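One structure is given here, and the rest of the page talks about it.
2 protein chains.
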Amino acid sequence: MSSQETPRRPTIADVAREAGVATSTASVVFSGKANVAAATRERVLAAAADLGYAGPDPRAASLRRGRSGIVAVVLEGHLRAAFLDPVTTAMMDGLTDGLADLSAGILLMRDEPGEEGAAITHAPVDAFVLIGCSGRTKASLEVVVGRGLPVVVIEGDAGGEIPRITLDNVAASADVARHVHDLGHRDVALVTLPLDSERERAAVTPERIANATVDVTVHRLEGMRQVFPDAPAISASGSLIDEGVLVGRMLLTDPATRPTAVLAQSDLLAVGVIRAAEELGLRVPEDLSVAGFDGIEVDGLGGLTLTTSVQPAVEKGRAAGEQVARMLGGEPGMTQHLTCVFRAGTTTGPVPR
Amino acid sequence: MSSQETPRRPTIADVAREAGVATSTASVVFSGKANVAAATRERVLAAAADLGYAGPDPRAASLRRGRSGIVAVVLEGHLRAAFLDPVTTAMMDGLTDGLADLSAGILLMRDEPGEEGAAITHAPVDAFVLIGCSGRTKASLEVVVGRGLPVVVIEGDAGGEIPRITLDNVAASADVARHVHDLGHRDVALVTLPLDSERERAAVTPERIANATVDVTVHRLEGMRQVFPDAPAISASGSLIDEGVLVGRMLLTDPATRPTAVLAQSDLLAVGVIRAAEELGLRVPEDLSVAGFDGIEVDGLGGLTLTTSVQPAVEKGRAAGEQVARMLGGEPGMTQHLTCVFRAGTTTGPVPR
DNA sequence: TTGTAGGCGTTATCAG
DNA sequence: CTGATAACGCCTACAA
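Sequences listed follow chains A and B, in order.
For the first sequence, position 150 (counting from the first letter as 1) is numbered 150 according to this note's numbering, and the numbering increases by one without interruption.
For the second sequence, position 219 (counting from the first letter as 1) is numbered 1219 according to this note's numbering, and the numbering increases by one without interruption.
The structure is reproduced here in structure tokens:
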């Protein structure tokens, strides 16, 4: 209380003056980039404590260094929806790992349409990780590339030289389908993820596929159709158990058109379908076989193990983080292809007669 | 390709020169903070497009404005664990809403111990939202306060003048307990959230309570003990279904010590306890009553509705966001107390004879 | 080991 | 409505 209320926060120059050293010396004390005599260091630290100086202003440091230490993760849709999906959370986990000590943290943002004040254009970040790649995300991509910042796209065709992290969705889906085919099923229905930002829950037509913007959906569908070219498909409006229930009812209610197996493009959807089946009194796998995709831990299957393809979700995030780190280090980013592993569970079985 | 490869990105000064205007004019064109003649604006925009100028550098703008537009959210523990909890995700959702147009996004970070290079000290953010407030988080709090940035603490005693968002955990827990008491139960066991960063799964002793650092846990326990002063309690190591199963087994396996009702401090724990009960052949609520806390949507209860206290999770986040917005606007932040609503479900019933 | 000087790219202010 | 100028707070050659 010896002095008047200070009009503004102290700067490193104030600290230096107080300590009787040059500002550069004080700066070095905080950054640790060079050796400083212990006594000098003490004096600077004492002066800082005295003035209530909490360290260099990160904003100024960012400008000077040209780095903010923040990596942006752009998600499609509401944050909550994104985090409802276990695959996404696992990926985020891997991402933080891959970014390790490089980054101060992860800036979560939604990819809004071409808004004027869009966060994507104004956030002080060093790099971007885009997840998924629908039409809307593609617009975001342009902005980001325009800013000249490193970008990595997870599961989406970014076009050009943009490094991507991809999955063998076509082959892995075909694997699952083949397993079901081998069990004798011929009357199979498909449940897909959303085809585009409309996220309409509806029968999948050739026209809709042609206009689809979500690559994951298209690729997994392609894999399934390699084995079951004519299987009818319904697109869900998201990867949620509840959605699976709704679509499941659409597929299973009418005994006349009921398939003997359902292939879902995500485990959550598969669980929903199973739940719908149970509601209708169908037993899984005796009356109906159901397979999913993702290989997440799912609750509420009561002893059943889902037949699915296990994707390396954490690895996906980590790979993205590593590429970002590389690019920030000046090296070129590389596209990485990851593969899924088929897992036979107890939700698929022989065709009922 | 008319020019050589540019050595550095163009700046607003380059654009201004190219357009034949002053840098300040060009700046205004991009910020929109003042009127500019349409013709001039066009010229500037054209020059920008020409040079491949993607807009003002956010880092420089941050320094100049003294704002980065980023709000940090500090979570305890691994991000994945945090997002596994539906209450947290709901809260984050509300938070983004409350921050609305004010913020470019949410910077996720963990509260690491007093590391030198801690993100908390170096991230260019405008404000902090701390979630929970264990011992570790309290350390973070000091750093943040030292930086002189606005802080809001959700569910935790920050001490001092720090604005908080709180829940009536004591009263709400007592409500749940009273409901169970009214049903006739006297032999009740409690399952608590973690007491501290150790997150030990173990019987709760007076000593452990005295040393507890997680206020939520202590408060909810206090409410429960108001009704059942002598009820034994076990602390879980987290709010997870699996944890509930483990603790449930500890409580229910031995018929001699088996309670007639279990009060859990979270819905996920309650679901786990129910699952453990089912494993042991106990019917809920005929043989065992189970109540939770939170009021989240939970899957896998097979037709049962959990008796619980519904907390305003989204509202909590929104309130925090609003307070941050207020404080950034120069007004003082206010502490807000939110209340839960009891919801009787079908997982509690009369005492079995 | 310490000090000096210049600039990172913007934007607020104020005069024209 | 436009233009000149001065910070914002820090970092890092470079020189001493």
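Ideal Cβ positions, reconstructed from N, Cα and C, are used throughout, including at glycine.
Just so you know, these numbers come straight off a predicted model, no measurement behind them.
| said: Give me, in chain order, the residues of the same chain whose beta-carbon lies closer than 7 Å to that of residue 355(A); leave out the 5 immediate sequence neighbours on both sides. | reply: Since the first residue shown for chain A is 1 and the last is 353, residue 355(A) is missing from the structure and cannot be characterised.
| Ordered list of alpha helix (DSSP H) runs contained in the region 1215-1248 of chain B, each at least 4 residues | Counting whole runs of 4 or more residues, the region 1215-1248 of chain B contains the alpha helix (DSSP H) stretches 1215-1227.
| field | Cutoff 7 Å; reference residue 105(A); Cβ partners in own chain excluding five residues on either side | value | Excluding residues within five positions, the ones whose Cβ falls inside 7 Å are 70.
| field | Exposed unless 16 or more other CB atoms sit within 10 angstroms - verdict on residue 1286(B) | value | exposed
| task | With a floor of 3 residues, list each beta strand (DSSP E) that falls wholly inside the region 73-146 of chain A, ordered by position along the chain. | result | The qualifying runs are 105-110, 127-131.
| query | Would you call the region 328-343 of chain A and the region 255-265 of chain A touching, i.e. three or more CB-CB distances under 8 Å? | reply | No contact exists between the region 328-343 of chain A and the region 255-265 of chain A.
| task | Would you verify that the beta carbon of residue 1128(B) is, or is not, closer than 8 Å to some beta carbon of chain A? | result | no
| query | Count the other CB atoms within 10 Å of the CB of residue 65(A); is the residue buried (16 or more) or exposed (fewer)? | reply | exposed
| Does the beta carbon of residue 1096(B) sit closer than 8 Å to a beta carbon anywhere in chain A? | yes
| Between which two residues does the alpha helix (DSSP H) harbouring residue 208(A) extend? | 206-211
| task | Check each candidate in 272(A), 179(A), 109(A), 317(A) and name the one with the smallest Cα separation from residue 1302(B). | result | 272(A)
| task | Could you check if residue 1309(B) is buried or exposed, using at least 16 other CB atoms within 10 Å of its CB as the buried criterion? | result | buried
| message | Bridge partners for residue 1274(B) per DSSP, in chain order? | response | In the DSSP output, where bridge partners are listed per residue, residue 1274(B) has none listed.
| Where does residue 1006(B) land, buried or exposed, given buried means 16+ other C-beta within 10 angstroms? | Summary for residue 1006(B): the model assigns pLDDT 45, below 50, so the residue's position carries little reliability; its value from the coordinates is reported in the next sentence. Residue burial is scored here from C-beta neighbours: residue 1006(B) has fewer than 16 other C-beta atoms within 10 angstroms and is therefore classed as exposed.
| query | By the criterion of Cβ-Cβ separation under 9 Å, what are the contact partners of residue 187(A) in chain B? | reply | The contacting residues do not exist; residue 187(A) stays about 29 Å from chain B at best.
| said: Please report the straight-line C-alpha distance between residue 1079(B) and residue 89(A), rounded to a whole angstrom. | reply: 8 Å
| request: Please name the residue, chosen from 1218(B), 1204(B), 1159(B), that lies closest to residue 1142(B) on a Cα-to-Cα basis. | output: 1159(B)
| said: Quick check on residue 1327(B) - is its C-beta less than 8 Å from some C-beta in chain A? | reply: no
| request: Taking only the alpha-carbon atoms, compute the straight-line gap between residue 1128(B) and residue 1118(B) and give it to the nearest angstrom. | output: 14 Å
| field | Closer than 8 Å at the beta carbon, the chain A residues around residue 1194(B) | value | The contacting residues do not exist; residue 1194(B) stays about 20 Å from chain A at best.
| message | Quick check: residue 348(A) and residue 193(A), are their CB atoms within less than 8 Å of each other? | response | no
| query | Exposed or buried, what is residue 1316(B) when buried is set at 16 or more other beta-carbons lying within 10 Å of its beta-carbon? | reply | Burial call: buried.
| message | Our contact map puts residue 1204(B) next to residue 1235(B) with C-beta atoms below 8 Å; I'd like the distance itself, whole angstroms only. | response | 5 Å
| task | Note down the Cα distance separating residue 1124(B) from residue 1228(B), rounded to an integer number of angstroms. | result | Spanning the two alpha carbons is a distance of roughly 48 Å.
| message | Taking the alpha carbon of residue 163(A) as the reference point, which residue from 169(A), 170(A), 155(A) has its own alpha carbon closest? | response | The residue with the shortest Cα to Cα distance from residue 163(A) is 155(A).
| Beta-carbon of residue 1(A) versus every beta-carbon of chain B: anything under 8 Å? | With a pLDDT of 35 at residue 1(A), under the threshold of 50, the modelled position of that residue is not reliable, and the figure given next carries that caveat. Chain B contact via Cβ: absent.
| message | So that I know if they touch, is there some Cβ in chain B lying closer than 8 Å to that of residue 257(A)? | response | no
| Would a C-beta distance cut-off of 8 Å place residue 248(A) and residue 276(A) closer than the cut-off? | yes
| message | Cβ closer than 7 Å: which chain B residues qualify as neighbours of residue 83(A)? | response | 1083, 1089
| field | Beta-ladder partner(s) of residue 164(A), from DSSP | value | 153(A)
| said: Taking its Cβ as the centre, do 16 or more other Cβ atoms sit within 10 Å of residue 1013(B), making it buried, or is it exposed? | reply: exposed
| request: For residue 1119(B), go through chain A and note every residue whose CB falls closer than 7 Å to its CB, in chain order. | output: 104, 105
| request: Check whether the Cβ of residue 1239(B) lies closer than 8 Å to any Cβ atom in chain A. | output: no
| Closest to residue 1320(B) by CA distance: which of 1084(B), 1037(B), 1097(B) is it? | 1097(B)
| message | So, at 6 Å on beta carbons, what are the nonlocal neighbours of residue 339(A) in its own chain, with the 5 sequence-adjacent residues on each side left out? | response | 168
| field | Selection of the region 1018-1037 of chain B by Cβ proximity to chain A, strictly under 9 Å | value | 1032
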